[in-house]
Amino acid sequence: MHAGHQQPTSHRHVDAPLLRRESIGDSYHVLTFDLPSGKLARPGQFTMVRSDDWGHAPLLPRPMSYLSGGTTPSMLVKVCGEGTLRLGRAEPGDVFSLVGPLGNGWRAHDPTKRQVLVAGGVGIAPLLFLARDLITSGANPVLIYGGRSARDLPLSEDVAELCELEVTTDDGSRGHHGRVTELLSRWLRPGFEVFTCGPDRMMAKVAAMALAANVPCEVSLETPMACGFGVCLGCAVPIQAGGYLYACVDGPCMDASRIAWDRAEPLVQLAGKG
Amino acid sequence: MHAGHQQPTSHRHVDAPLLRRESIGDSYHVLTFDLPSGKLARPGQFTMVRSDDWGHAPLLPRPMSYLSGGTTPSMLVKVCGEGTLRLGRAEPGDVFSLVGPLGNGWRAHDPTKRQVLVAGGVGIAPLLFLARDLITSGANPVLIYGGRSARDLPLSEDVAELCELEVTTDDGSRGHHGRVTELLSRWLRPGFEVFTCGPDRMMAKVAAMALAANVPCEVSLETPMACGFGVCLGCAVPIQAGGYLYACVDGPCMDASRIAWDRAEPLVQLAGKG
Amino acid sequence: MTSQQVKIGSLELKNPILTASGCFGYGLEFGEFFDVAELGGICTKGLSLEPRVGNPADRICETPAGMLNAIGLANVGVEVFCRDKLPLLRERGITVIANIFATSLDDFIALAERLESEEGIHAIELNVSCPNVSHGGIEFGRDVKLAAQVTASVRRVTRRPLWVKMSPEAGDLVGVARACEDEGADAITAINTIRGMAIDIDKMRPKLANRTGGLSGPAIRPIAVRMVWDLASALKIPVVGIGGITTARDAIEFLLAGATAVQIGTASFRDPSAARRIVDGVREYCEQRSLSVEELVGRARQ
Amino acid sequence: MTSQQVKIGSLELKNPILTASGCFGYGLEFGEFFDVAELGGICTKGLSLEPRVGNPADRICETPAGMLNAIGLANVGVEVFCRDKLPLLRERGITVIANIFATSLDDFIALAERLESEEGIHAIELNVSCPNVSHGGIEFGRDVKLAAQVTASVRRVTRRPLWVKMSPEAGDLVGVARACEDEGADAITAINTIRGMAIDIDKMRPKLANRTGGLSGPAIRPIAVRMVWDLASALKIPVVGIGGITTARDAIEFLLAGATAVQIGTASFRDPSAARRIVDGVREYCEQRSLSVEELVGRARQ
Ligand SMILES: Cc1cc2nc3c(=O)[nH]c(=O)nc-3n(C[C@H](O)[C@H](O)[C@H](O)COP(=O)(O)OP(=O)(O)OC[C@H]3O[C@@H](n4cnc5c(N)ncnc54)[C@H](O)[C@@H]3O)c2cc1C
Ligand SMILES: Cc1cc2nc3c(=O)[nH]c(=O)nc-3n(C[C@H](O)[C@H](O)[C@H](O)COP(=O)(O)OP(=O)(O)OC[C@H]3O[C@@H](n4cnc5c(N)ncnc54)[C@H](O)[C@@H]3O)c2cc1C
Ligand SMILES: Cc1cc2nc3c(=O)[nH]c(=O)nc-3n(C[C@H](O)[C@H](O)[C@H](O)COP(=O)(O)O)c2cc1C
Ligand SMILES: Cc1cc2nc3c(=O)[nH]c(=O)nc-3n(C[C@H](O)[C@H](O)[C@H](O)COP(=O)(O)O)c2cc1C
Ligand code: FES
Ligand code: FES
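Protein chains in written order, with our numbering: chain C, 1 to 274; chain Y, 275 to 548; chain H, 549 to 850; chain X, 851 to 1152.
Next comes the structure, spelled out in structure tokens:
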């Protein structure tokens, strides 16, 4: 089913101390870990994070996309429940169990095209990581970044320094007053390809638009996950071909055209949480 | 059943910030709370301590005797499991839910007698509180303090400054090499009364010796507790009269002669934990 | 202001939050923490004809997000309750559901008859499901015929609203509940604790003197919600939901699943004011959505 | 060095730690975390005659100290398993218990027959207790006669050790297990998940697309320990304990209660190396007391 996962590799599960926590407002935190021995992450991959101090509850590790890779990888955490609350309180030196890097990163970009990155809120993490990569490899991406309000655009400054940035907010408190999808249309032309991560409802819309315009579109999915490496079968994603793929091993990054968005309704319902 | 508990009183449940934590070795911690509004505790009483940060596990609050009273009461915590581990990590400012003071404190001392206080390990807390009280009221107590080793005699310095102190350790690393009960015998004469708190096995022995010598003996019991104020009926203590008393409302301090030590076997088994 | 009132048969509750039997004493012990009359009502500790001293110690131990108890239905007995507790409860204007327990039909009948003459008891809750007493009531709760029989017998001797509290261990939970409904029960309470065991690996023996105990607390909540959903689908009479409710969110989960009211058990040990806080939390949730509690009941089923 | 070996009928395990069906994939996915051959063995994801895609999403959600799952027995099917997975398992020297699942007697028989010809399968575990499939195997597990029937039928077509995995929802758990024992089962596995439900109070509907799911994790451990104790008291054949085991201490609790071996389920999601750590922890406990694992089995009962 997920052959890519069956060759024994190593260094995929490490106990890593937190190097630092930078808080952005009270609901966003950048966590940087020290993991000299770990496997290096590619943009779009994720890790399952947990602390033994959590005891029996929260029970499961929390999937988090890499914001940066290397031996001091970082994640951007949005506080929305028990687990992320604890992550947002972490202090340097606290040790966390990191299982990762997991999943397939973003597919290789097409050098003949320009990359349009569409981020919603905390979905910025894997896209900022991607943008950095693209720029090192000589590409010139544009990033469309939307959030509820100005407070929900963490790291937008970093993006601005890096590449062309277009900002939208639902309440108009910053940038364009509206949705990312309103800014997206003019980029949906031949010679462009889309990479998107954010609330599922947003991704569904972006995907639909891209497909209609015949522009390749890659999405990074958020589904509930228990294991993160293909054994619990909890992260099912309904696909056009019928049946399901598994976000943790077949994704989280996938070609939008493969997904059966109509059968993905509960997934879209997750949007609130994303 | 526990009439003393039925008049509505107030201030018995407060959220109090930790003022400071003094650690004695890595397994003993003195926690001092700031609770201007709380009800004042008497020696021998206890409080049920919990933090909302614990989430669903540990589930129940932890019973802790007062080491001192007033508006900045303190407790001496011995780390022995999930809950006390968390208490031992508490930082100033952390807010805890304190339900208390609960239970009956030590019975009033007999001014015509001299008080012999027998402590085992962390059992020192309610006895040090008692010793301070006795001295203010002009009494001249002697305290026999036993522990596994020198490391298990927290606060013995404080005791030494306060009153006559005799120390024993199981491994002889400090004071008399042996058990408190070996030092106790010579004090079991008319004109003395005993107050004891420590591992149940120790208290059972002390009680038996005192009764045999016809010396009054008051013990402070440790039983599992869920509520601490007489509703769960989990803290049953078998008594001579037949049936049970409840440690939280009929105790934790009781006249040793009331207890049916023979039927208290599981309680004595708790000793390891006390 | 959205309405928080609910009706369980003929009984009107000012709000859907009750406290669970055995977790709230006789309703008097909490007076020092809040005004108990602000709750929808309280269920008394299980009452028997004669006083019971209960099981030997240890009676309780903690488990992951739960606890085991084997109290053994220690209680002051129906006489002392009526003499010492009930008058105070009346004075304080507290809605009282008397939880009764017996090991024989005759005793169940005698208990109900004894309470019939008392004022200030608003409903009777039959505990046919306590896991912690040998030849205990639990047999009644696990067998369709016996459950029907005890319900019918008590129904004959009381005009008061009659609730029957289910054992989660009934192989045919819905069947047992239906039988009680047919025999005139006004409501079904679900669930009681689930039998469990914990072993002390240092002492190499069960932690509880009674060996097994009833599991309660957040750990069992998903099981309880599912059973309430199943019961609400099958019954015409109201279901009173219970099991692991700790916050208003938990209580709302049961209401949405089909419970008309809920009971707060173990949570009162963790926070004596839990029930009071839950009353406020449920009201807030209703206000935000301008829905009455009755509009919440079973809403997740639509 | 105390012996860690245990015997389950004719099958010798190098230690009592197995991994639970559905929580360890096909045993190959964990090769990157530790050498799976160091475990007593692994139970495969439930295998059916034909591949199954499973239930719609969401399939899982977290609960206090537990999780609900409604995977719907998604699996590659027995053919693909034998072709792609089994050879690798053989190569790696892993002890394999094939967990099989069917909705009809004939399919159970066909599955067992299909596996009989394969090398490297050390035992068959009948899942007669999955709560997550309509007209699912669970009926088999809840009814004494049906459980006996499926055990007898499979017994006839396999010479391999035959384990039957109990549903905790069988009204008469011990009766069902005894029936399986009488029909030639070599061991009883207990327990499978317990049906539960969680409701999203913001969306006002069940969190799982399947509505109900099976509850697993530390939350259910006390229930599982009690059932293992009851089964070990009633049966002659060994009991394989399972339910919420997260640490070596938990595993030892089951052994002391009477389990001859244990299975690690949900804990492998929390820590992929959980089973491996538990093997070490149990050995350490035995060393400290110079007791063999077989001397631990049922020791809390003496
Ligand atoms: C591949 C992947 C990458 C992710 N990357 C990031 C990231 O970079 N930054 C970030 O802040 N969040 C990210 N998320 C979402 C993050 O995992 C959830 O917000 C988090 O698990 C919520 O946990 P909680 O305990 O705070 O919330 P709770 O609601 O208390 O969690 C309850 C349960 O639901 C699950 N859950 C809740 N929301 C989500 C969600 N949106 N996706 C998946 N599971 C969820 C939790 O894991 C937990 O098991 C990612 C999710 C996935 C699947
Ligand atoms: C009236 C009273 C006063 C006490 N005073 C003190 C004190 O001043 N300082 C101190 O360090 N300890 C005191 N204890 C003991 C203390 O409550 C326990 O050590 C503590 O509850 C252990 O919790 P844990 O989670 O760390 O251990 P765990 O073993 O993980 O606890 C598991 C469960 O067992 C219960 N438990 C374990 N040991 C005991 C015990 N000895 N007594 C009662 N319940 C127990 C816990 O409350 C919890 O519910 C007192 C106990 C009582 C009843
Ligand atoms: C210590 C304790 C004592 C209990 N005593 C009774 C009782 O006397 N009668 C009864 O019907 N239920 C009794 N119960 C069961 C509770 O009323 C409730 O059904 C169960 O605890 C589940 O709810 P919870 O998880 O909110 O605690 C008791 C529960 C506990 C924890
Ligand atoms: C995601 C998931 C999938 C499962 N799939 C199966 C299965 O296919 N067959 C089976 O017999 N049990 C299955 N189970 C049940 C487990 O094998 C085990 O009996 C149960 O989870 C209790 O153990 P635990 O608390 O250690 O997880 C599954 C459990 C989970 C959590
Ligand atoms: S998260 Fe477990 S299979 Fe994808
Ligand atoms: S601890 Fe609840 S009655 Fe004593």
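We treat Cβ as the ideally placed atom computed from N, Cα and C, and that holds for glycine.
Report all residues from its chain with a CB closer than 7 Å to the CB of residue i; omit the five preceding and five following residues, and keep chain order.
i                  : result
Arg1133 of chain X : Gln854
Phe192 of chain C  : Lys113, Arg114, Val116, Val215
Arg573 of chain H  : With the sequence shown as reference, residue 573 of chain H is identified as Gly, and Arg is not the correct amino acid for it. Counting only Cβ-Cβ distances below 7 Å, and skipping sequence neighbours, we find Lys593.
Ala658 of chain H  : Leu597
Gly1067 of chain X : Ala915, Gly916, Met917, Gly1094, Thr1116
Quick one: is residue i near chain H, going by C-beta distance under 8 Å?
i                  : result
Tyr522 of chain Y  : Sequence inspection shows Cys at residue 522 of chain Y; the Tyr mentioned does not correspond to that position. Chain H, which has no Cβ nearer than 8 Å to the Cβ of Cys522 of chain Y, makes this no.
Cys501 of chain Y  : yes
Met1054 of chain X : yes
Ile1041 of chain X : no
Gly379 of chain Y  : no
Once the 5 residues before and after residue i are set aside, which same chain residues still bring their CB inside 6 Å of it?
i                  : result
Asn647 of chain H  : Ser569, Cys591, Thr592, Gly594, Glu673, Asn675
Tyr1135 of chain X : Ile1102
Trp187 of chain C  : Val116
Ser1123 of chain X : Phe883, Phe884
Asp368 of chain Y  : Leu292
Cβ of residue i less than 8 Å from any chain Y Cβ?
i                 : result
Phe802 of chain H : no
Gly55 of chain C  : yes
Ile826 of chain H : no
Glu22 of chain C  : no
Asn647 of chain H : no
Measuring alpha carbon to alpha carbon, tell me which of the options ends up nearest residue i.
i                  : options                                : result
Pro111 of chain C  : C:Ala241, C:Ala150, C:Gly138, C:Gly93  : C:Gly138
Val601 of chain H  : H:Val624, H:Glu586, H:Ser838           : H:Val624
Val776 of chain H  : X:Ile1049, X:Thr1096, X:Ala1084        : X:Ile1049
Arg360 of chain Y  : Y:Gly312, Y:Val392, Y:Asp326, Y:Gly379 : Y:Asp326
Ile1128 of chain X : X:Val856, X:Thr869, X:Leu863, X:Thr852 : X:Thr869
Gly1021 of chain X : X:Val1089, X:Lys995, X:Asn919          : X:Lys995
Ile135 of chain C  : C:Arg89, C:Val122, C:Val159            : C:Val159
Ile1032 of chain X : X:Ser1142, X:Thr1001, X:Gly859         : Residue identity check: residue 1032 of chain X is Asp in the sequence provided, not Ile. Closest option to Asp1032 of chain X, Cα to Cα, is X:Thr1001.
Gly449 of chain Y  : Y:Thr455, Y:Glu440, Y:Glu456           : Y:Glu440
Leu19 of chain C   : C:Arg12, C:Asp26, C:Ala207, C:Pro73    : C:Pro73
Ala515 of chain Y  : Y:Asp536, Y:Leu507, Y:Glu496, Y:Thr497 : Y:Asp536
Leu783 of chain H  : H:Met752, H:Thr737, H:Leu634           : H:Thr737
Thr455 of chain Y  : Y:Thr497, Y:Ala482, Y:Ser371, Y:Asp426 : Y:Ala482
Pro154 of chain C  : C:Met75, C:Ala213, C:Leu211, C:Pro224  : C:Met75
Arg425 of chain Y  : Y:Ile398, Y:His285, Y:Asp289, Y:Ile298 : Y:Ile298
For residue i, I'd like the list of residues in its chain whose CB is within less than 8 Å of its CB, leaving aside the five on either flank, ordered along the chain.
i                 : result
Ala331 of chain Y : Glu356
His972 of chain X : Leu861, Gly891, Thr945, Val946, Ile947, Arg1010, Pro1011
Quick one: is residue i near chain X, going by C-beta distance under 8 Å?
i                 : result
Met714 of chain H : no
Ala822 of chain H : no
Pro63 of chain C  : no
Answer with yes or no whether the minimum CB distance from residue i to chain C is below 8 Å.
i                  : result
Cys1030 of chain X : no
Under 7 Å Cβ-Cβ, which residues of chain D neighbour residue i?
i                 : result
Ala510 of chain Y : Considering every chain present, this structure includes no chain D. Its protein chains are C, Y, H and X.
- Message: Quick check for students: name the residue ranges of the alpha helix (DSSP H) that lie wholly in the stretch 1071–1103 of chain X, counting only runs of 4 or more.
- Response: 1071–1084
- Residue ranges of each alpha helix (DSSP H) within the stretch 971–1047 of chain X, 4 or longer: Runs found: 988–992, 994–1007, 1023–1032.
- Item | Completely contained beta strand (DSSP E) runs for the stretch 414–454 of chain Y, where each covers 3 or more residues | Segments of the beta strand (DSSP E) lying fully in the stretch 414–454 of chain Y: 416–421, 438–443.
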